[in-house]
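Residue numbers (this note's numbering): 54 to 526.
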């Protein structure tokens with residue numbers, strides 16, 4: 054009896070000690086808008102685990118309550134999407150949550166359909182600081198967007214990101230974790246806008262002389278930030294490092310197509326200046342991924358592959374190294390005459406199938422997803438083509454890369470999609486073929502050899518001309 058009682062006590066204590074974080078909010082808006090709340094954990098670029106995330110659709114109600122099972126303190130992106138038949142807007146803000154935390158928020162309407170957070174009502178010092186910075190930065194973003202000042206004066210305005218942050222950080226009660234995040238956030242936002250400002254100026258038709266190297270002078274030491282792992286929490290962290298390296302090597306900022314020699318030069322600089330190995334790995338991986346994306350297939354592919362592999366070997370993280378090497382090797386599948394990659398798919402009945410079953414006829418592939426608006430707009434044109442070539446020596450196959458099977462099935466039913474419909478949950482087909490955007494259309498011959506890697510959109514008459522010219526159609 055005592056053992057049973059002790060067991061019940063232990064069970065009860067575990068239930069009581071379970072930390073549930075609560076986020077409550079109210080919306081003081083005059084209109085009836087449908088609201089959806091998204092909560093997603095912010096992970097560093099080198100973290101591979103799946104982030105905690107939650108979605109809450111509250112409809113037209115003006116309040117919400119969200120419960121989250123937070124295991125440890127972390128930063129999250131809170132996104133509030135409000136929409137009606139004509140308008141849609143999203144309010145994004147970073148919040149800091151700890152186990153058993155309770156956060157109360159008040160949102161107010163702004164303009165026709167926007168939202169602002171009344172951060173003065175937030176009791177949490179950390180989150181009050183995060184929301185205050187967010188709202189002040191949003192205001193500065195709008196001012197910069199509407200500014201007609203010259204590029205030098207606009208650069209001076211960017212310093213306000215640091216000024217606003219210092220003002221908020223004057224509150225000494227902010228936790229060290231959030232203080233550090235806010236400092237890095239100011240650095241990230243400043244640099245993102247600095248390089249974008251220079252890019253827009255250099256691309257301007259009236260600006261024949263690009264900004265000089267002095268334009269990129271920083272009010273703080275970038276290397277201090279680059280050598281801290283916190284930089285990897287920010288989506289533009291790695292990109293801003295690459296922009297910095299381009300300036301250091303007198304390379305055009307945002308140069309899209311870099312040679313392997315140029316990439317090696319950038320790597321030499323970053324390895325000489327940055328001791329943060331995780332960041333160095335991410336930088337090398339990003340540079341090589343960009344090279345793969347912009348690569349133009351030539352007869353020197355094998356030589357390029359060898360040189361590429363030597364650079365990739367400098368990446369310490371084996372997962373990143375393997376990923377970038379595999380991506381470049383997969384370019385073989387994009388060459389005319391390349392064989393179909395060996396990939397298994399699922400049909401609507403849940404059966405496993407492969408594309409080999411379509412050999413013997415030409416194969417037109419439509420790579421799409423239920424969330425892809427351009428894909429959906431092109432669907433009627435694909436269906437029209439399929440009807441026009443009914444009975445011909447060609448099969449039409451739609452491959453969805455949806456991560457949710459039910460979304461795929463629902464959208465197929467909504468669009469009345471017929472014929473051969475397949476699901477590629479891990480997007481293995483797209484990854485093997487280095488496809489970076491959808492919709493994407495391809496054509497294989499009856500032997501399963503690639504004829505057209507990237508066909509024009511189905512609403513373009515040239516696509517029908519391409520199909521009509523296929524021998525033995």
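All C-beta atoms, glycine included, are put in the ideal place defined by N, C-alpha and C.
Q.
Let me make sure I understand the geometry here. Which of 476, 522 and 422 has the alpha-carbon closest to that of residue 402?
A. Here the question's residue 402 lines up with position 349 in the chain shown. From the listed residues 476, 522 and 422, the smallest Cα separation to residue 402 is found for 476.
Q) What's the call for residue 116, buried or exposed, on a 16-neighbour Cβ count within 10 Å? A) Taking the chain shown and counting its residues from 1, one reaches residue 116 at position 63. Exposed is the call here.
Q) Is the stretch 79–87 touching the stretch 155–172 in the sense that three or more CB pairs, one from each, lie closer than 8 Å? A) Yes, since at least three Cβ pairs between the stretch 155–172 and the stretch 79–87 fall closer than 8 Å, the two stretches touch.
Q. Rounded C-beta distance between residue 510 and residue 418? I'm assuming under 8 Å.
A. Taking the first residue of the chain shown as 1, we reach residue 510 at position 457. Taking the first residue of the chain shown as 1, we reach residue 418 at position 365. The C-beta separation of residue 510 from residue 418 comes to about 14 Å, leaving the pair out of contact by the 8 Å criterion.
Q | residue 388 burial status per 10 Å Cβ neighbour count (16 or more: buried) | A | For this step, residue 388 is matched to residue 335 along the chain shown. Exposed is the call here.
Q | With 16 other Cβ atoms within 10 Å as the buried cut-off, status of residue 65 | A | As a first step, residue 65 is located in the chain shown; it is residue number 12 there, counting from the start. No answer about residue 65 holds up, because its pLDDT of 49 lies below 50 and its placement is not dependable.
Q.
With a threshold of 8 Å, are at least 3 pairs of Cβ atoms found where one atom belongs to the stretch 131–150 and the other to the stretch 85–96?
A. These segments touch.
Q | Alpha-carbon spacing of residue 399 relative to residue 405, whole angstroms | A | Start at 1 with the first residue of the chain shown, and residue 399 comes out as number 346. Start at 1 with the first residue of the chain shown, and residue 405 comes out as number 352. Rounded to whole angstroms, residue 399 and residue 405 show a C-alpha spacing of 5 Å.
Q) Does the beta carbon of residue 503 fall short of 6 Å from some heavy atom of the ligand NAD? A) Summarising the ligand content, the structure contains no ligands, and the ligand NAD is consequently not present.
Q: Tell me, to the nearest whole angstrom, how far the beta carbon of residue 392 is from that of residue 501; I am working on the premise that it is less than 8 Å.
A: By one-based count along the chain shown, residue 392 stands at place 339. By one-based count along the chain shown, residue 501 stands at place 448. A Cβ-Cβ separation of about 6 Å places residue 392 in contact with residue 501 under the 8 Å criterion.
Q. Around the Cβ of residue 440, are there at least 16 other Cβ atoms within 10 angstroms (buried) or fewer (exposed)?
A. Looking up residue 440 in the chain shown gives position 387. Burial call: exposed.
(Q) Rounded to whole angstroms, what is the Cα-Cα separation between residue 179 and residue 227? (A) Working through the chain shown from its first residue, we reach residue 179 at position 126. Working through the chain shown from its first residue, we reach residue 227 at position 174. Rounded to whole angstroms, residue 179 to residue 227 spans 5 Å at the Cα level.
**Q.** Spatially closest choice to residue 166 from 281, 216, 331 and 134, by CA coordinates
**A.** By 1-based counting over the chain shown, the position of residue 166 is 113. Proximity to residue 166 across 281, 216, 331 and 134 peaks at 134, based on C-alpha coordinates.
Q: Report back the beta-carbon spacing between residue 298 and residue 276 to the nearest angstrom; my notes put them in contact at under 8 Å.
A: Position 245 of the chain shown, counted from the start, is the residue given in the question as residue 298. Position 223 of the chain shown, counted from the start, is the residue given in the question as residue 276. Rounded, the Cβ-Cβ distance is 12 Å, inconsistent with contact.
Q | Residue nearest to residue 453 in terms of C-alpha spacing, selected from 445, 493 and 286 | A | The residue given as residue 453 occupies position 400 in the chain shown. Among 445, 493 and 286, the Cα nearest to that of residue 453 belongs to 493.
Q. Who are the near neighbours of residue 198 in its chain, counting only those whose CB is closer than 6 Å to its CB and skipping five residues on each side?
A. Your numbering for residue 198 matches position 145 in the chain shown. If we look at residue 198 and ignore the five residues flanking it on each side, it has no Cβ neighbours.
Q) Under three-state DSSP, which class holds residue 302? A) Here residue 302 corresponds to residue number 249 of the chain shown, with the count starting at 1. In the structure shown, residue 302 sits in coil (DSSP, three-state: anything other than H, G, I, E or B).
Q: Find the nearest neighbour of residue 367 within the set 379, 333, 467 and 263, judged by alpha-carbon distance.
A: Counted from its first residue, the chain shown places residue 367 at position 314. Comparing C-alpha distances from residue 367 to each of 379, 333, 467 and 263 shows the shortest one belongs to 333.
Q. Would DSSP call residue 154 helix, strand or coil?
A. Counted from its first residue, the chain shown places residue 154 at position 101. Here residue 154 sits in coil by DSSP.
Q.
I want to know whether the stretch 249–269 touches the stretch 213–223 - three or more CB-CB distances under 8 Å.
A. Because the criterion of three Cβ pairs below 8 Å is not met, the stretch 249–269 and the stretch 213–223 do not touch.
**Q.** residue 336 beta carbon less than 7 Å from that of residue 322
**A.** Taking the first residue of the chain shown as 1, we reach residue 322 at position 269. Taking the first residue of the chain shown as 1, we reach residue 336 at position 283. Contact: no.
Q: Can you give me the Cβ contacts of residue 512 inside the same chain, cut-off strictly under 6 Å, excluding the 5 residues immediately before and after it?
A: Residue 512 sits at position 459 when you count from the first residue of the chain shown. Around residue 512: 434.
Q) Run through DSSP, which three-state label would residue 461 get? A) In the chain shown, counting from the first residue as 1, residue 461 sits at position 408. The answer is helix: DSSP assigns residue 461 an H, G or I state.
Q: Go ahead and pull the three-state DSSP assignment for residue 395.
A: Your numbering for residue 395 matches position 342 in the chain shown. Here residue 395 sits in coil by DSSP.
Q | Nearest neighbour of residue 215, chosen from 381, 526, 173 and 233 [CA to CA] | A | Stepping through the chain shown from its first residue, residue 215 is reached at position 162. Looking at 381, 526, 173 and 233, the one whose alpha-carbon comes closest to that of residue 215 is 233.
Q: Just mark residue 125 as buried or exposed, buried being the case when its beta carbon has 16 or more other beta carbons within 10 Å.
A: Start at 1 with the first residue of the chain shown, and residue 125 comes out as number 72. Counting other Cβ atoms within 10 Å of its Cβ, residue 125 stays below 16 and is therefore classed as exposed.
Q.
For residue 524 and residue 436, I'd like the C-alpha separation in whole angstroms.
A. In the chain shown, counting from the first residue as 1, residue 524 sits at position 471. In the chain shown, counting from the first residue as 1, residue 436 sits at position 383. Taking the straight line from one Cα to the other gives about 22 Å.
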